[in-house]
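Visitor: Have a look at this one.
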Amino acid sequence: DGIFYPIDLAIDKNGTMFICDYGNSRVIRWPRGASNGETFLSNISCAGLMIQSNQFLYVTDFREHRVTRWHIGTNRSGEIVAGGHGQGSDFNQLNKPFYSFIDKDRSVFVADHLNNRIMKWVENAQEGILIAGGNEPGSEMNQLSILTSVVVDQMGSIYVTDTSNNRVMRYLKGNKEGIVIVGGVESGNGPDQLTEPFDLSFDRHGNLYVVDLANYRVQMFKIDKSECEKFHS
465 DGIFYPIDLA
475 IDKNGTMFIC
485 DYGNSRVIRW
495 PRGASNGETF
505 LSNISCAGLM
515 IQSNQFLYVT
525 DFREHRVTRW
535 HIGTNRSGEI
545 VAGGHGQGSD
555 FNQLNKPFYS
565 FIDKDRSVFV
575 ADHLNNRIMK
585 WVENAQEGIL
595 IAGGNEPGSE
605 MNQLSILTSV
615 VVDQMGSIYV
625 TDTSNNRVMR
635 YLKGNKEGIV
645 IVGGVESGNG
655 PDQLTEPFDL
665 SFDRHGNLYV
675 VDLANYRVQM
685 FKIDKSECEK
695 FHS
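Residues 465 to 697 in this note's numbering are what the sequence shown lists, from first letter to last.
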């Protein structure tokens, strides 16, 4: 079978790809060098993938409003690590979650898409912790609007694609008011503008890459982290 609307992928240390085949409601495992992949998970509305310690695959389930964790080995049993209590805005719920991020302590940071907030779920927690947003959708420094992606750096600073506001926000650890680091004035295709930023990632040199969706491009930005270092010193 073909792949329809792939929305994310993750690669383990052996080079095996896990593909979020959103249009076919499945996750595909594709070993390195193989000519074909195989269905790893079926009947799942996958909207995001992350691999932790080359052992667990975390899957954001858009339709079921949750994040699940699956053993990459032969044991296919999964467990809910965030959400799973239906669609809603309570702290034990999510609303159409998108990408998530897993830190070294196995805490799950979730881009809670339609709740306009970032939630953190500590391992084995029964409910999440509000990290950013969660107010009415808007463009103030304590607001987000239809966010899609979240990344946490080694100092605990949080980076968010605030999609409807055409900007990338940074939240210093423990601070619910963010700082605009890219975009945010108005949408456009200039080098300092974004239009519906969708995903983001850092390379090992600290450069920020942003999927600038409606401009059909990926942009790279050199980010000044001096304020983060000052805050955490």
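The C-beta atom is built at its ideal place from N, Cα and C for all residues, glycine as well.
Which residues share a DSSP beta bridge with M481?
Guide: Answer is I475 and W494, bridged to M481.
Visitor: Quick check: the Cα distance between W494 and V586, rounded to an integer number of angstroms?
Guide: Roughly 30 Å between the two C-alpha positions.
Visitor: The beta strand (DSSP E) spanning V572 covers which residue range?
Guide: V572 -> beta strand (DSSP E) spans V572 to D576.
Visitor: Determine, using beta-carbon pairs with one atom in the stretch 607-621 and one in the stretch 572-586, whether at least three such pairs fall under 8 Å.
Guide: Cβ pair count under 8 Å is three or more, so yes.
Visitor: Less than 8 Å between the CB atoms is what I'm expecting for D476 and I536, so what's the real figure, rounded?
Guide: The Cβ separation is near 7 Å, so the contact holds.
Visitor: Assuming P661 is part of the beta strand (DSSP E), what are its boundary residues?
Guide: Run containing P661: P661 to F666, per the beta strand (DSSP E) assignment.
Visitor: Which partner residues of N671 appear in the DSSP bridge assignment?
Guide: In DSSP, N671 forms a bridge with K686.
Visitor: Exposed or buried, which one is C692 when buried takes at least 16 other CB atoms within 10 Å?
Guide: Confidence at C692 is low in this model, with a pLDDT of 48, below 50, so its placement is unreliable and the value that follows should be read with caution. C692 comes out buried.
Visitor: Using only the alpha-carbon positions, how far apart do G652 and N630 sit?
Guide: C-alpha separation (whole angstroms): 9 Å.
Visitor: In three-state DSSP terms, what is T627?
Guide: Reduced to three states, the DSSP call for T627 is helix.
Visitor: For F565, does the count of other Cβ atoms within 10 angstroms reach 16, so buried, or fall short, so exposed?
Guide: That one is buried.
Visitor: Identify every residue that forms a DSSP beta bridge with T503.
Guide: Looking at the DSSP assignment, T503 forms a beta bridge with I492.
Visitor: By Cβ distance, which residues of its chain are closer than 6 Å to N518, with the 5 residues on each side in sequence left out?
Guide: Contacts found: D476 and K477.
Visitor: Where does M642 sit, in a helix, a strand or coil, going by DSSP?
Guide: The residue you asked about is not Met; residue 642 is Gly in the sequence shown. DSSP places G642 in coil when its eight states are reduced to three.
Visitor: In terms of alpha-carbon separation, which member of R668, Q657 and D688 lies closest to V674?
Guide: Closest option to V674, Cα to Cα, is Q657.
Visitor: Going by DSSP, what residue range makes up the beta strand (DSSP E) through V649?
Guide: Looking at the DSSP string, V649 is not in any beta strand (DSSP E), and its letter there is neither H nor E.
Visitor: Assign P561 to one of two classes, buried (16 or more other C-beta atoms within 10 Å of its C-beta) or exposed (fewer than that).
Guide: Buried: at least 16 other Cβ atoms inside 10 Å.
Visitor: Can G620 and M633 be called in contact, C-beta distance under 9 Å?
Guide: No; because the gap between Cβ atoms is not below 9 Å, this pair is not in contact.
Visitor: Name the two residues that bound the continuous beta strand (DSSP E) containing L699.
Guide: No information on residue 699 is available, as it lies outside the stretch 465 to 697 that the chain covers here.
Visitor: State yes or no: is the C-beta of A546 within less than 9 Å of the C-beta of R530?
Guide: Cβ distance < 9 Å, so A546 and R530 count as in contact.
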